[in-house]
Each structure stands twice: as C-alpha cells, then as structure tokens.
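Novice: Residue numbers (this note's numbering), protein chains in the order written: chain A, 1 to 488; chain B, 489 to 677. Got a structure for you, questions after.
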Amino acid sequence: MQKRVVSLWFPRLASDRFLRAWPIDAPFALIERQNNTERLYCLNQLATNEGLHVGMGYADARAFCPNLQTRPVDIEGDQRFLHTLVKWAKRYCPWVGIEGVDGLVLNVTGSVHLYQNEVTFLNDIHWRIERAGISVRSGMADTRGAAWAIAHYGKGIATEGQSLNAIGALPIAALRLDSKTCISLQRLGIRKILDLTALPRSTITRRFGAVVLLRLDQALGAQPEDISPIEDPPRYQARLNLPDPIGLEADVLAGTERLLTQLCDRLKQQEVGARVLSLNLRRVDRGTQQIELRLACPMRDPARILPLFTRGIGGIDAGFGIDQLRLIATQVERLATKQISHTTGKTNGHLDDLITRIGNRIGLENVQRLLPADSHIPEHSFTIAPVAYSEADGSWGRDRERPIQLFNPERIQGTGSIPPKSIRWRRMYFTVGHITGPERIAPEWWLPDENWQSGVRDYWKVETNEGRRLWMFYTPQNPSWFVHGEFP
Amino acid sequence: MVNATMTSEFQKHFPLKENRVHEVCGPSAVSFACAVAGQARGTALWVRTAWQTDQINPLGFNHYFDPHDLIIAKGKDETEVLATAEETLRSGAVTLAIIELTKPIGLTVGRRLQLAAKTGGTIGLCIIQDGMGSNAAETRWHCAPLFDATDSTLQRWKLIKNKSGTFKTWDIRWDAETRRIIVVSKTGQ
C-alpha cells in the first residue's frame, strides 16, 4: 500500500489560541521580547490586512496601526496546546508527530477509506479545526516533504505517485531549506523545484552540500523519512464494576487485590513504582469513599501493597453497598527492575512497609531521619528530613564533644566570663565541680538567625557535683549565661 | 576479681531481654536509650510527641550508634505515639523501639505493648518520667550521671524493677573507642 502523509500547518496558532479564549474584534498581535526589542510574534488576519508582518518591531507596528491590541506570547502554553492537537488528531490515525512549532504530520496510510476519499478526509479535518477557531493549511502527498511543501506553499492533494507534478511549480523554499541556501539558488535563477530537478545532481552537491538533494529526494520519495509519533502518557488506573453491590471488608479487599494485580502489571511494563495510590469506592447511592495510601518508597508488588490497604478499608462506610472500585496511582516514580541477589536483604522491605503504615497514621512527613549538615552552629549541624523522601548518607563529624540533648537556650543567673560556682536551672540547684572550655562559636553572619543575634558564644562543659553535665554558653557581647544542652 | 563478677552479673541484665518492653527513667535516660540502641545493632525507631522541644543531637550520640540507623516518628498526641509504638513493635522491622512517654500508662496499654513486642520479636524501651512506671514492664532502670573529676562519662544505673531477679546498682562508664559499657568497680568508694 502506498504511504500517504498529511501535513497540517497552523499559521496563526499562537494568536488563534489566545483569541479562542478572549475574542478581540480588532487587529491583534502577540509580542515576543528578543534581546532588548519587542517584536510581533503572531498576528491575526485583521492585523495582516493592516500591512503588519511577523518579526516587525512593536513600535513600528503601533505607528502603522494605532489601534493594535497586543499581549505577551506564552510559548510553553502554545506547545502544550499543540500537544492537545496531537491528541485530537489521533481520531484520524494513530501515527501523529509534531512538525516544527506550529504543525502536525500524520501518517494516514490505510485510514483514508474511513472517510470515503481523500478530499472528504481533508475537508473533515478543515471543518473541525476551523470550527474550533484555528486557521489551518493542509497538504496530502506520498511523502512528508511533499505534504509539507503543499501545506506551506501550495494547495490541494498530490495523488499517488504524482509528487513531482504537484510540487514542481512551488518555490524552492518549499523544500524546507534554510533561507541562505534558498537565496543563493535563486541568484542562479533556480526558483522552482522543477528547475532544480533539471540540473545535474553532482553539481548541486558540489556547490550547496548534500542537504539540498537530501530534501529533494525526501520530498520525491527517493529517500525515506520517518515520522516520530508522540506517545500518549501512560495512565495508571484500573476499574472494577460489580453487577451486585458488595459490603463486606473481605470482598472489598478481594476486589482491590484484583485491581492491584492489573495496575502493578502496567507499572512493571513501564518500569515505574507507585508512590501514592488512591482507591475510590462508589456506593450504590452515588456517594464516593476514597482511601489514599502514601507509600514510603516506590512499589509495584501487589502482595506487599494489599496489606497496607487493610486499615483504610476497615474504616470505610459501605452504606447500601459498593458497586464500583477504581484504583489510581496518582503519583509514580521510576523504579528500575533489580536483580535479586543474596545481598539485597529482606528487612529493608519490611522497614518500608512499616514506614508506610506509620506514615498513613501520623503523616509521612512526621517519620523523619537525621542527616548531617555542614555547619558549626550546634543546632544547624544536622537536618531533619522525611525518611520517605531522603537517603541516609553523609558522614558525621566527630571532632568535638557535643551534648546528647539540645534545648532551646534557657537563661540562668550568672555574671562574668567564667561559669558561676553555683547554678540554679530548672528549679534545681547545682554546685560546679569541673569546667572545660571555652569553645567560641561565632554566628553565621551570612544566614540571619534570630537565636544568634546576641553575637558570639563561649561554650563551656560544666560538670556539677550533683552529677548533671551541662553545656552552657556565655555571650560576651551581651553578657548573660544560658544552658543549651546536656551531656550523658 | 570483684570487677569480673560484677561485669558478669551486669551482663545478665544489660543487653536488655529480647521480645520484651523495658522502662527507663532518670536524668540519663536518653543516653541509656542510645546505649541500648548501640547494643541492639540494627535500625531503631524513636517515637515521641511532636510538641516535645528537647532535641536529641546526632553529633552527641554518634559515638553510641550510627545516627543513620535512627528513624524518628512524631505523633500528634499520646494515643498516636502508643499506636505507632504498637505497630512498630509488632512488625518486627526494627530491632528496637524507643517510646518517649509523657503520661503514665495503664496496665492494659503496657500489656498490649508487651504482646506486640513478643509477636514482632522487638525490644521496646519506654522513656518515662520518674515514678510513672507501668507494672507490665519487664525491667525498669533509673539512670543518673555521677560526678568524677577524672571521668566525664560515669553514670549510676539502678535496676529498680525486675520481673525475673533482684534489684542491683552499677556504676558504669562508656568507652567511646570500643563502643562498650565498662562496669566500674566500687572498691575505694
């Protein structure tokens, strides 16, 4: 079967997209900022009629057309919109790729007959897109290059095997060449594609490089050219409809197990693991119950995930019964297939399951671990991070003796830069037996910290005759004494 | 000789009896918990309420055990703490669960923790306020630092409740180099 390709070009994609949402009945342009000037990026028909063109300076355009309406361009939004169009175009064929920033290319081989013939096929595309308020130009040919040429510079359909006849009269710019090559070809008097085919091939390559002939051959079908289709993003969900409502916990669990098996197969194919799962239970009275399960690590093992659902399912009010179960992996993460070996311990999996279970009770962010941080400020020398979203790594410095417990600094009575002989702290009375210090710690001036506004601190380890060993500091710039921690 | 017998006596009690829940109180309870975690060799989970502001300092206890082996769970209230503790003890995924309690627990709660510890094969250690122990605990320890001009790790550990033995008191110190507890002989005092 002869390959057939449709090329669609949306010449006013950006402005059409904007005007679909906010219709303006006046000359309109989207403005792009290039270096230090603002230039017209995309115009509507009225603006073109006023004599404006793309790439024109904004100030010039205002001079030509004082009632010009403008907005800044959103290039990312346009790309998202183009991807939406890709999804739409899949109603015509499964093989849809993106052409440049404002075009689509469809491999419609074998799907044209669904619309009687090629003319009605293209008419249907035009009718639907233009109804949505987007201007479009199209071309249909045997090759991607010829379809592109017709969409941008010509009109109509190149019937099978008639590519050269259809595009021969088009300018050479229709071969997707850069403007420099086009200008040099035009200087030689080669204005049409037919002129180019009349020349001996070796002279063209010698003068302009291989790209000119490559583009020509691609347009005429002598060289193949692929279309990379854009894949639909995978959807991770499974659904189970029940003819009769269920209400027993064991039944819901059995249904969930069936869905989990389906979902995990799909996760495995894509080499991802679920991070957040959501189980929606629809009751016969149309009420919905939702169970959200946040996992401590990406997982795709149904046997391990199912027990974690038990607690949530136990708390469900089934009412008059549940007749639909839907399981969605709302958040997934990459999880490559791993070789099982004797070094991968079993306990790790147990620990992750435990963290998931605890996390679903008290919140996954409340299950934390300590990580080393690069700071000499005692309370900043470690950070607290959720276990589920961090790795235990980094080494702990052991250079200086530090207390085992840190308090918020508690002020005590005392004067002078040497620790007082007797201390009253937390309604307890201590006499000092042995002191070690001072160790001066200066605040990190590059990080504002309220607790360190009293300036540098001289830290002392104070061993009391009563036994307690306190970590105290004196602030010489703002004389007072504080207890900051306790040694074992 | 005296020291050797005391050490062997101590070793009957000190690596805490497995599958049971123990209690510790006194000013050095936190360092006792760290010493237990160091002996247990495995992941430890520390459960406490979120409003407690005293912060255990990893740079202070890293000569007892590796801070990477510690997971901290912060519950909203006492009920969440106990539920988390029970879940942890029963799962057996960690070797030690340290439970910081702010209120006395009843016999039922204590018994539930014991059963969970037995199921999971985990050691539980409740850090309690003085005089707030539960009767279900296997042992209860009171730990306090002792002043010694030459040694700044000296502590007095008193066994004040013991379901399977007598009470006893030891003076111990921590040897940071070998990560070991050394029982100090009382001769000369």
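Cβ atoms here follow ideal geometry from the backbone N, Cα and C, with glycine treated the same way.
From which residue to which residue does the alpha helix (DSSP H) around A/H152 run?
Specialist: Segment R144 to Y153, the alpha helix (DSSP H) holding A/H152.
Novice: DSSP state of A/T356, grouped into three classes?
Specialist: In the structure shown, A/T356 sits in a helix (DSSP, three-state: H, G or I).
Novice: Can A/I24 and A/Q69 be called in contact, C-beta distance under 8 Å?
Specialist: For A/I24 and A/Q69, yes; Cβs fall inside 8 Å.
Novice: Take every Cβ of the segment 72 to 87 of chain A, pair it with every Cβ of the segment 20 to 38 of chain A, and state whether three or more of those distances are shorter than 8 Å.
Specialist: The answer is yes - the segment 20 to 38 of chain A touches the segment 72 to 87 of chain A, with three or more Cβ pairs under 8 Å.
Novice: Output yes if chain B places a C-beta closer than 8 Å to the C-beta of A/I404; else output no.
Specialist: Output row for A/I404: interface = yes.
Novice: Within the 8 Å Cβ cut-off, does A/L392 reach chain B?
Specialist: The question names Leu, yet the displayed sequence has Ala at residue 392 of chain A. Yes - at least one Cβ of chain B is within 8 Å of the one on A/A392.
Novice: Buried or exposed for A/W496, going by 16 or more other Cβ atoms inside 10 Å?
Specialist: A query on residue 496 of chain A cannot be resolved here, the shown segment of chain A reaching from 1 to 488 and no further.
Novice: Is there at least one Cβ from chain A nearer than 8 Å to B/K646's Cβ?
Specialist: B/K646 does not count as touching chain A.
Novice: B/F549 bridges to which residues according to DSSP?
Specialist: DSSP, once it has assigned bridges, lists no residue as partnering B/F549.
Novice: Which value, in whole angstroms, describes the spacing of the CA atoms of B/I586 and A/A318?
Specialist: Computed Cα separation, rounded: 38 Å.
Novice: Step through the CB atoms of chain A and report whether any lies within less than 8 Å of the CB of B/H556.
Specialist: Interface residue, yes.
Novice: Within 10 Å of its beta-carbon, does B/T583 have 16 or more other beta-carbons around it, so buried, or fewer, so exposed?
Specialist: Flag for B/T583 reads buried.
Novice: Alpha carbon to alpha carbon, how far is A/S138 from A/Q116? Give it in angstroms, no decimals.
Specialist: The straight-line gap from Cα to Cα measures roughly 18 Å.
Novice: Specify, as a first and last residue, the run of the alpha helix (DSSP H) that A/F18 falls within.
Specialist: Unbroken alpha helix (DSSP H) run through A/F18: L13 to A21.
Novice: Less than 8 Å separating the beta-carbons of A/A158 and A/A166?
Specialist: Yes; because the gap between Cβ atoms is below 8 Å, this pair is in contact.
Novice: Any heavy atom of the ligand GDP inside 7 Å of the beta-carbon of B/A605?
Specialist: Inclusion of the ligand GDP in the displayed structure is not the case, the ligand content being empty and no account of it being possible.
Novice: Using only alpha-carbon positions, find the residue among A/W460, A/N478 and A/P479 that is nearest to A/L470.
Specialist: Nearest option by C-alpha distance: A/W460.
Novice: With 16 other CB atoms within 10 Å as the buried threshold, where does A/N35 fall?
Specialist: With fewer than 16 Cβ atoms within 10 Å of its Cβ, A/N35 is classed as exposed.
Novice: Which residues, in order along the segment 543 to 555 of chain B, keep a beta-carbon less than 9 Å from a beta-carbon of chain A?
Specialist: So the list reads Q543, I544, N545, P546, L547, G548, F549, N550, H551, Y552, D554 and P555, given in the order they occur along the chain.
Novice: Quick one: residues in its chain with C-beta nearer than 6 Å to the C-beta of A/V112, no 5 flanking neighbours on either side, listed in chain order?
Specialist: Excluding sequence neighbours, A/V112 sits near E118 and F121.
Novice: For B/L603, which residues in chain A fall below 7 Å Cβ to Cβ?
Specialist: None at all; the shortest Cβ gap to chain A is about 18 Å.
Novice: Tell me whether A/K421 is buried or exposed, calling it buried when 16 or more other Cβ atoms sit within 10 Å of its Cβ.
Specialist: The residue in question, A/K421, is exposed, as its Cβ has fewer than 16 Cβ neighbours within 10 Å.
Novice: Need the endpoints of the beta strand (DSSP E) that A/P243 sits in, please.
Specialist: Taken as a continuous stretch (DSSP letters only), the beta strand (DSSP E) holding A/P243 covers Q237 to I246.
Novice: Could you give the distance in angstroms between the alpha-carbon of B/P555 and the alpha-carbon of A/G349?
Specialist: So the two alpha carbons sit approximately 20 Å from each other.
Novice: Where does A/H83 land, buried or exposed, given buried means 16+ other C-beta within 10 angstroms?
Specialist: Counting Cβ neighbours within 10 Å, A/H83 comes out exposed, since fewer than 16 surround it.
Novice: Taking Cβ-Cβ distances below 9 Å as the criterion, which residues of the segment 602 to 626 of chain B are in contact with chain A?
Specialist: The segment 602 to 626 of chain B vs chain A, Cβ under 9 Å: nothing.
Novice: I'd like the span of the alpha helix (DSSP H) that includes B/A517, first residue to last.
Specialist: Run containing B/A517: A517 to A528, per the alpha helix (DSSP H) assignment.
Novice: Terminal residues of the continuous beta strand (DSSP E) containing A/D374?
Specialist: That residue, A/D374, is in no beta strand (DSSP E); it is neither H nor E in DSSP.
Novice: Does A/N408 get closer than 8 Å to chain B when you measure Cβ to Cβ?
Specialist: True, the Cβ-Cβ gap to chain B drops below 8 Å.
Novice: Which residues in the same chain as A/L335 place their Cβ atom closer than 7 Å to its Cβ, once the five residues preceding and following it in sequence are excluded?
Specialist: Closer than 7 Å at Cβ, skipping near neighbours: E271, V272, G273, P298 and R300.
Novice: Could one say the Cβ of B/T654 lies closer than 8 Å to chain A's Cβ atoms, at least one of them?
Specialist: Chain A, which has no Cβ nearer than 8 Å to the Cβ of B/T654, makes this no.
Novice: Could you give the DSSP three-state label for A/W88: helix, strand or coil?
Specialist: A/W88: helix per DSSP, three-state reduction.
Novice: With three or more C-beta pairs closer than 8 Å as the rule, is the segment 542 to 553 of chain B touching the segment 386 to 406 of chain A?
Specialist: Contact between the segment 386 to 406 of chain A and the segment 542 to 553 of chain B is present, because at least three Cβ pairs lie under 8 Å.
Novice: Starting from A/Q489, trace the beta strand (DSSP E) in both directions and tell me its first and last residue.
Specialist: Shown here, chain A extends from 1 to 488; a query on residue 489 of chain A therefore has no answer.
Novice: Closer than 8 Å, Cβ to Cβ, to anything on chain B: give me those residues from the segment 355 to 376 of chain A, in chain order.
Specialist: Correct list: I355, R357, I358, R361, I362, N366, V367, Q368, R369, L370 and P372.
Novice: For A/T143 versus A/L196, is the C-beta spacing smaller than 8 Å?
Specialist: Cβ atoms of A/T143 and A/L196: not closer than 8 Å.
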